[in-house]
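Before any comments, here is the structure.
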Amino acid sequence: MLKTNNLTKSFGGLTAVNNVNIEIQKGSITAVIGPNGAGKTTFFNMITGVYTPTSGEILLGEESLVGLKPHAVSKKGIARTFQNIRLFSSMTALENVMVGMHQHLKYGVFSTIFHLPSYKKAEKAAMKEAYKWLEYVGLSDVYNEESSSLSYGAQRRLEIARALASKPSILLLDEPAAGMNPKETKELTDLIYQMRDDLNLTIVLIEHDMKLVMEISEYLFVLDHGEKIAEGKPLEIRNNQKVIEAYLGKSAVTTA
Amino acid sequence: MNNLFAQVKQSNKLQAIFLTSYIVVTVLGLFLLQESVTAFLLILFSLFLLYKTNFPVKLKWSLGILILTIVMPFAASQGSAFESYMGVATLVGIYVAMALGLNVVVGLAGLLDLGFVAFFAIGSYTYAIFSTNQVTNFLKLDILPFTGNSFWAFIIIGGIIAAIAGVLLGIPVLRVKGDYLAIVTLGFGEIIRIVFNNLDKPVNITGGAQGISSIPSPTIFGYVISDSSQFYYVVLVVLAVVILGVTRLQDSKLGRSWQAVRENEIAAQASGIHLVRTKLIAFAIGASFSGMMGVVFSAKQMFIDPTNFTLLESITILVMVILGGMGSVPGVILGASLVTILNLQVLTEVTNYLNQLTLDGVLNIPSALSPSKMQRMIFGLILILVAIFRPQGLLPAKNKKVPKEDVVDQTVVDENQRSVSV
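For the protein sequence lines, the chains are R and S, in the order given.
With the first letter of the first sequence counted as 1, position 219 gets the number 219 in the working numbering; the numbers rise by one all the way through.
Take any residue in the second sequence, note its place counting from 1, add 256, and you have its number in the working numbering.
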């Protein structure tokens, strides 16, 4: 469904992502892992249009995403969350989700100013729908709260709700469990399964929590120093020499 | 005493009694003591009290309009100071509209614009050039120059031209962010002023430093509008349109996308918001409010020159927005009123008083120290004090709380209840 061919991004002399080829199956939960600085987030940023690749292709189905601006990528049905939470902090939880619905709200400036029925109907429906997304991620109690006042775990879930509100077909999660306690991580795992099954989503996640990754993902890609060093099912990756090397160093492999 | 306050806070009836007696007293005060600026200001303050009551929104609006259109002008109309009061009120209205325009750009979309007065200048010059003989210097048509009848159309044309200027400025300028944007817009504001200052040669378009004089007064059905008390109503109408537009836009997907862009550009884009378009619309709408009021301003003053549009004006408008509360419509209205009244009434009154003292030989204050020359220092002080004590402004922007029944889908709840009962 989502495919990259020889995707490369250099920042000056530094090649952050080098000739990466991946293919993500529709309806799968796929993880992209690797040590810090391996180029995972850069990879996400290229898919979502934040960075333009230096070379290579990104294909969604048959369509190329290279050169599209982030908002255009969002319209193609790719939504994401961020490693360092990026909420609209002075807006309420409900408003945050309503921003996520932006592209599906069709009414003009004229009907806004004169409060025509098309505006009223769309806004009312939008509020209800936004509330449903908050219910879905378990935040319906705090819908009127300013998003910056929410707890860390709640902020992560709010980001997911906002992403879901744009009705994506692919959801990219950048370290969704970072900073969560074991209980929150468990809830997140359930939520990810639930989203995939209820909403027919294809989910791609970057994650450092190996327990979560090994449990949840059906397929993994491992990046190190910008290059893909391995791919496969969790069990294969667990025993892959190169992966152990990348995480623990060469000596760890030889002494083992 | 505290007990009384608590009671007034809760009871609509007590609030109504208090507000009515306040208005009656201040109106009587101004009615009897026509020279008392204090009484005039106290009447205006009743609008703030009205805002603070718990009355339903529609009632607040109707009462506010009643006070502004009938009560206040009537109370002030009995003496010689009538026109000067209405002149102040008119300028307050003009500045409130401009501050609301800047609030869209700075407060909602988070784009610091230090050259906002440029759009005011563009609106002013549009009407001034095309309604005076100035236009015949470069364009010879039978219908030119336009008469005072065209003023009404020019309010809209001035708004549109300023909006176009906003977009033209925005396209190159929005590549830079934050501090850099502030510097570039500051430059733009100065460029516009200097262009108007020098565009008297080779073809005399703007009248250069001499400015443009004898700008025609608006006419409607053969009736000439020339007094401040008449312009006051023109300003009120334009202001009402601006307030209606700005509050409704703020509460729509466009308003939300402005705020989203202000809070986090990358997340806003990832949510499907077109960054450049959203910013350009903010620039255009902010500029158009300013341009409309520019037209009114030039018709009212009947004479404009580039010194009306200096950097200090841009800063003044920004101070209004910051003092009132960025992103908050009631706050910005309050901020703009306070700063304008401070500028026009308080400072001049204090200056007159000090001059009087000097004349009487009580004190000797050099004219260099007269308060009306200390605007910059006073604005600086206001900014510092606001930054320390009320960083969110006098009336900070509040998030709209949505009642539960508006978000819970009733139909679904009903179905659930049915399934439970079955």
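Each residue gets a CB set at the ideal place from its N, CA and C atoms; glycine is no exception.
In this text, all values refer to a predicted model and were calculated from it rather than measured experimentally.
- Looking at the DSSP output, V480 (chain S) sits in a beta bridge with S:T475.
- In its chain, beyond the 5 residues on either side, L275 and Y278 have a beta carbon closer than 7 Å to the beta carbon of L305 (chain S).
- No Cβ of chain S is located within less than 8 Å of the beta carbon of N84 (chain R).
- Ranking R:K242, R:V243 and R:L212 by CA distance to the CA of N181 (chain R) puts R:L212 first.
- Contact annotation, T81 (chain R) with A163 (chain R): C-beta distance approximately 6 Å; criterion of less than 8 Å satisfied.
- Assigned with DSSP and collapsed to three states, D561 (chain S) falls in coil, not helix or strand.
- For the 8 Å CB-CB criterion, F539 (chain S) and G426 (chain S) form a contact.
- For T534 (chain S), same chain residues with a beta-carbon under 6 Å away, outside a window of 5 residues either side, are S513 and V517 in chain order.
- Bridge partners of D369 (chain S) according to DSSP: none are assigned.
- One Cα belongs to F338 (chain S), the other to F645 (chain S), and the distance between them is close to 37 Å.
- For N359 (chain S), no chain R residue has a Cβ inside 9 Å of its Cβ, as the nearest lies near 15 Å away.
- Counting C-beta pairs with one atom in each stretch, the region 572 to 591 of chain S and the region 351 to 365 of chain S have three or more that are closer than 8 Å, which means they touch.
- Among the residues of the region 164 to 183 of chain R, those with a Cβ less than 9 Å away from any Cβ of chain S are A165 and S166, in the order of the chain.
- DSSP, read as helix, strand or coil, puts D435 (chain S) in helix.
- Residue environment for A262 (chain S): exposed (fewer than 16 other C-beta atoms within 10 angstroms of its C-beta).
- By DSSP's assignment, I22 (chain R) forms a beta bridge with R:T4.
- Looking at R:N19, R:N45 and R:M127, the one whose alpha-carbon comes closest to that of N6 (chain R) is R:N19.
- Per the DSSP secondary-structure output, G232 (chain R) pairs in a beta bridge with R:L220.
- Between the C-alpha atoms of K128 (chain R) and H71 (chain R) there is a straight-line separation of about 24 Å.
- For R632 (chain S), the uninterrupted alpha helix (DSSP H) run begins and ends at Q631 to F645, by DSSP.
- Within chain R, H71, S74, K75, H102, Q103 and S166 have C-beta atoms less than 7 Å from the C-beta of G528 (chain S), given in sequence order.
- Per DSSP, reduced to three states, the secondary structure at R80 (chain R) is strand.
- The Cβ atoms of M210 (chain R) and L171 (chain R) lie no closer than 8 Å to each other.
- Bounds of any alpha helix (DSSP H) do not take in D665 (chain S), whose DSSP letter is neither H nor E.
- In the three-state reduction of the DSSP assignment, T503 (chain S) falls in the helix class, which pools H, G and I.
- Shown in chain order are the members of the region 488 to 510 of chain S whose Cβ falls below 9 Å from a Cβ of chain R: L500, G501, R504, L505, D507, S508, K509 and L510.
- Around A555 (chain S), the same chain offers Y383, F407, I471, S473 and P474 as residues with beta carbons nearer than 7 Å, after the five sequence neighbours per side are excluded.
- Assigned with DSSP and collapsed to three states, G587 (chain S) falls in helix.
- S:E521 is the residue among S:G478, S:V423 and S:E521 whose C-alpha sits nearest the C-alpha of G434 (chain S).
- Looking at the backbone, the Cα of V50 (chain R) and that of T604 (chain S) are separated by about 54 Å.
- In terms of CA proximity to V497 (chain S), S:M354 leads the group S:L367, S:M354 and S:G443.
- Judged by their CB atoms, I378 (chain S) and A345 (chain S) are not nearer to each other than the 8 Å cut-off.
- A direct Cα-Cα distance of roughly 24 Å separates P627 (chain S) from Q290 (chain S).
- By the C-beta density criterion, I447 (chain S) is exposed, having fewer than 16 other C-beta atoms within 10 angstroms.
- The region 325 to 341 of chain S and the region 390 to 405 of chain S do not touch, with fewer than three beta-carbon pairs separated by less than 8 Å.
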